[in-house]
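Just add 978 to the spot in the sequence shown (first one is 1) and you have our numbering.
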Amino acid sequence: MTPLDPFVVEVIRHGLSAAAEEMSLVMTRSARSPLLREAGDLSSAITDAEGGLVGQGRDIPIHLGAMAYTVKELLKVCPAAGMKEGDAIIYNVGALGGNHLNDVKIARPVFVEGRLIAFALSLAHWPDVGGTWPGSYLANAFDTFQEAIRIPPLPIANAGGVNRSVLDLILANVRDPVSCEGDLMAQLAATTAAERRIREMCAQYGTETFVATMTRLHDLSEAEMRAALAELPDGTYEGEDFLDDGGPNGEPARIHVRIEIRGDEATFDLSGSADRVANFCNTTPFIARSAVVYAARIMSGRDMQQNAGALRPITIITRPGSILEPGWNAAVAAGNHETSMRVVDAIFRAMESVIPERLSAGGPATSGLLAFAEPLADSSWRMLYEVHGGGEGARHDRDGCPATRVHLANTSNTPAEMIEANYAIRVEKQAIRRDSGGRGVHRGGDGVIRAYRVLAPSLWLTTCVERSVMPTYGLKGGEEGKPYTITLERDGKAERLSGKANLLLKAGDLVTLEGCGGGGYGAPAA
């Protein structure tokens, strides 16, 4: 084969990214759930035939990092030799490079002239996947079987169309089957769009060139990550952060990292983190790895494309039995977007003295989740999954932005008009939480306020919020930001709710969420 033209490599690299972006656009335009159409809680990726990530949309970092392992783990139980053109596989179990069970994945093998050359991978957060509590978040769950239906790899489609028996089995175990079926069909359409774009690139540049380019992209990212690590000073650095609860006697649960940088390689040892916790804040080792890889990219100071090659210089250690490797029967619903964020913060706190100009002070590193579920007269449910931001932490050269998301989150709030048109809820307030950011040479950004009035006879509420006990931290002497608060007003009385709870609301209740402010940067006196 002739040497690869570097210009062709670059065109294909962008073509892979564009194909993944198109997948996400197909999803947002055709999905049923507002969580996907409006908030964008979805991600798209393309891998090579071995499952190595080569292209991704501008989606949610915690999803995309885990998707670097998803197809690799799938192939261990579903060998490629048994796959055929037109197949699509559905699954959500954590052992297969997974997240929490709400994140349902569709993997479509892509064949060109009978040869498997790639996979198109769509991940979407379904509004409900069964389990004990509507929305599939049970705050005090002691195992994963209480959370949701566990879907092993199943053939959801083939060349003949959708596998109706598998689809019916899944829909029989969710509370909002109409939305879930619509979301699933959108995922199938998205992976079909990526399949079409991959075949077009193979037709234009040649299949051999396309396959060789994917290998070349891995090598380029490895070289760039190694160069970035080599620029950091050798040494051992330790940092920690804490979840609001989950530790012994309800105390904060510790996330600890020990980073060792030697030349062009780095080891992230997370084995000093807390033991498995007795709630839904455990997470899978794949999510822990995803958080580390994200943090490593920030540490690098480079806008490199994320793919499998960038992982080669990095070693990640988790401890069996810990909150980051709790076993496959552990409850993990909140760990996906809460515990993962603490991993990132622990890493950044370890590196504060080394690369302060690349870091922000603590920000809204939480989903800020309020999930509402309304039982309907026909025994079905209507689900609203609301995520909220807060104030960004300040940086060395500027104040933090107000009302935003940081790090592993990349979702939007659902417009008030959409909520009021589709749910028995009135949004009574949407505002900036003034003066909630921490003081400093540069001030942390302010959080948000959103208030929901219940109009239905009853609503089932889930709260899943961090930074309500442990506030956002300042850097270089900056002050902490104000923590999250959630308040329930009922019959003229106000009560502060726990950051992680399940409760039943009634008509007239007012639930108000106040998002945390970001931490300040630099001592205020300076």
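Where is the CB? At the ideal position from N, CA and C, for every residue including glycine.
Residue i - partner residues in DSSP beta bridges
i: Ala1343; result: Bridge partners of Ala1343: none, in fact.
i: Ile1276; result: DSSP output for Ile1276 lists no bridge partner at all.
i: Ile1295; result: Asp1247
i: Arg1236; result: Glu1216 and Asp1247
i: His1420; result: Tyr1499
i: Tyr1401; result: Looking at the DSSP assignment, Tyr1401 forms no beta bridge with any residue, so it has no partner.
i: Glu1303; result: Ser1300
i: Pro1353; result: Trp1359
Nearest to residue i (by Cα), restricted to the options the options
i: Thr1006; options: Ala1119, Leu1166, Pro1133 and Asp1026; result: Leu1166
i: Ala1172; options: Ser1357, Glu988, Gly1035 and Thr1440; result: Gly1035
i: Arg1404; options: Leu1099, Leu1347, Leu1362 and Phe1220; result: Leu1362
i: Ala1098; options: Leu1149, Arg1175, Asp1146 and Ser1157; result: Arg1175
i: Ile1068; options: Val1082, Arg1142 and Leu1347; result: Val1082
i: Leu1210; options: Ile1397, Glu1218, Glu1330 and Gly1109; result: Glu1330
i: Glu1218; options: Arg1320, Asp1146 and Ala1266; result: Arg1320
i: Cys1379; options: Ala1349, Leu1348, Leu1386 and Ser1414; result: Ser1414
i: Val1443; options: Val1322, Ser1476 and Arg1417; result: Ser1476
i: Asp1222; options: Pro981, Val1447 and Ala1504; result: Val1447
i: Leu1147; options: Arg1128, Glu1473 and Ser1100; result: Arg1128
i: Gly1371; options: Ala1349, Arg1417 and Ala1102; result: Arg1417
i: Asp1197; options: Asp1323, Arg1431 and Gly1030; result: Gly1030
i: Thr1122; options: Glu1458, Gly1313, Arg1373 and Ala1355; result: Gly1313
i: Asn1151; options: Gln1124, Thr1261, Asp1323 and Val1271; result: Gln1124
i: Asp1424; options: Arg1383, Ala1399, Pro1502 and Leu1439; result: Arg1383
i: Thr1185; options: Leu982, Ala1503 and Thr1465; result: Leu982
i: Leu1439; options: Ala1504, Glu1395, Trp1359 and Arg1376; result: Trp1359
i: Val1004; options: Ile1397, Leu1162 and Pro1133; result: Leu1162
i: Met1045; options: Ala1399, Val1271 and Cys1056; result: Val1271
i: Leu1164; options: Ala1190, Asn1077 and Glu1000; result: One detail in the question is off: residue 1164 reads as Ala in this sequence, not Leu. Ranking the options by Cα distance to Ala1164, first place goes to Glu1000.
i: Leu1386; options: Phe1350, Val1322, Leu1101 and Arg1373; result: Val1322
i: Leu1302; options: His1078, Ala997 and Ala1201; result: His1078
i: Asp1154; options: Phe1350, Met1396 and Leu1466; result: Phe1350
Same chain, Cβ closer than 6 Å to residue i, five either side skipped, listed in chain order
i: Asp1212; result: Ile1239 and Arg1240
i: Ala1479; result: Ala1117 and Thr1441
i: Met1203; result: Ala1288 and Pro1291
i: Arg1445; result: Thr1344, Pro1461, Tyr1462 and Cys1494
i: Tyr1047; result: Gly1075 and Phe1264
i: Asn1388; result: Ile1038
i: Ala1073; result: Trp1306
i: Gly1160; result: Arg1010
i: Ile1464; result: Thr1441, Leu1475 and Leu1491
i: Cys1180; result: Val1090 and Phe1188
i: Thr1245; result: Glu1238 and Thr1293
Residues near residue i in its chain [Cβ-Cβ closer than 7 Å; skip 5 each side]
i: Tyr1183; result: Val986 and Ile990
i: Phe1120; result: Ala1256 and Ala1309
i: Val1032; result: Leu994, Ile1024, Thr1025, Asp1026, Met1192, Leu1195 and Asn1285
i: Ser1543; result: Not covered by the structure: residue 1543. The range shown for the chain is 979 to 1504.
i: Glu1063; result: Phe1089 and Ala1137
i: Gly1428; result: One point to set straight first is that residue 1428 is Arg, not Gly, in the sequence displayed. These residues qualify, in order along the chain: His1366, Val1405, Lys1407, Gln1408 and Leu1491.
i: Ala1096; result: Ile1024, Thr1025, Asp1026, Ala1027, Val1088 and Ile1176
C-beta contact flag for residue i and residue j at 8 Å
i: Tyr1529; j: Ile1233; result: In this structure the chain extends from 979 to 1504, so residue 1529 is not present and cannot be described.
i: Gly1497; j: Ala1269; result: no
i: Ala1206; j: Gly1279; result: yes
i: Arg1093; j: Thr1169; result: no
i: Ser1249; j: Thr1296; result: yes
i: Arg1267; j: Ile1294; result: yes
i: Ala1273; j: Ile1333; result: no
i: Gly1422; j: Gly1369; result: yes
i: Pro1105; j: Ser1157; result: yes
i: Leu1144; j: Ala1126; result: Residue identity differs from the one stated: residue 1144 is Val in this sequence, not Leu. Going by C-beta atoms, Val1144 is not nearer than 8 Å to Ala1126.
i: Pro1131; j: Leu1053; result: no
i: Tyr1430; j: Val1489; result: yes
i: Val1419; j: Asp1487; result: no
i: Gly1455; j: Gly1500; result: yes
i: Ala1311; j: Ser1114; result: yes
i: Thr1450; j: Gly1341; result: yes
i: Asn1070; j: His1103; result: no
i: Ile1084; j: Ile1134; result: yes
Cβ-based neighbour list, residue i, same chain, cut-off 8 Å, excluding 5 preceding and 5 following
i: Gly1299; result: Asp1253, Arg1254 and Gly1305
i: Gly1225; result: Ala1231, Arg1232, Ala1252 and Val1255
i: Thr1392; result: Pro1012, Leu1013, Glu1016, Ala1017, Leu1362 and Glu1364
i: Ser1436; result: Glu1352, Pro1353, Leu1482, Leu1483, Lys1484 and Ala1485
i: Ala1381; result: Gly1367, Gly1368, Gly1369, Ile1410, Gly1423, Asp1424, Gly1425, Val1426 and Gly1493
i: Glu988; result: none
Distance cut-off 7 Å: residue i Cβ against heavy atoms of the ligand ZN
i: Met1361; result: Inclusion of the ligand ZN in the displayed structure is not the case, the ligand content being empty and no account of it being possible.
For this session: Enumerate, from N- to C-terminal direction, the unbroken beta strand (DSSP E) stretches of 3 or more residues contained entirely within the segment 1113 to 1142.
Result: The segment 1113 to 1142 contains these whole beta strand (DSSP E) runs: 1132 to 1136.
For this session: For the segment 1024 to 1090, list the alpha helix (DSSP H) runs that are entirely contained and at least 4 residues long, ordered along the chain.
Result: 1039 to 1055
Problem set entry | Continuous alpha helix (DSSP H) assignments of at least 4 residues falling wholly in the segment 1450 to 1499 | none
For this session: Kindly provide the ranges of any alpha helix (DSSP H) runs that are 4 or more residues long and lie completely inside the segment 1372 to 1399, ordered along the chain.
Result: Within the segment 1372 to 1399, no complete alpha helix (DSSP H) run reaches 4 residues.
Problem set entry | Completely contained alpha helix (DSSP H) runs for the segment 1176 to 1212, where each covers 4 or more residues | 1185 to 1208
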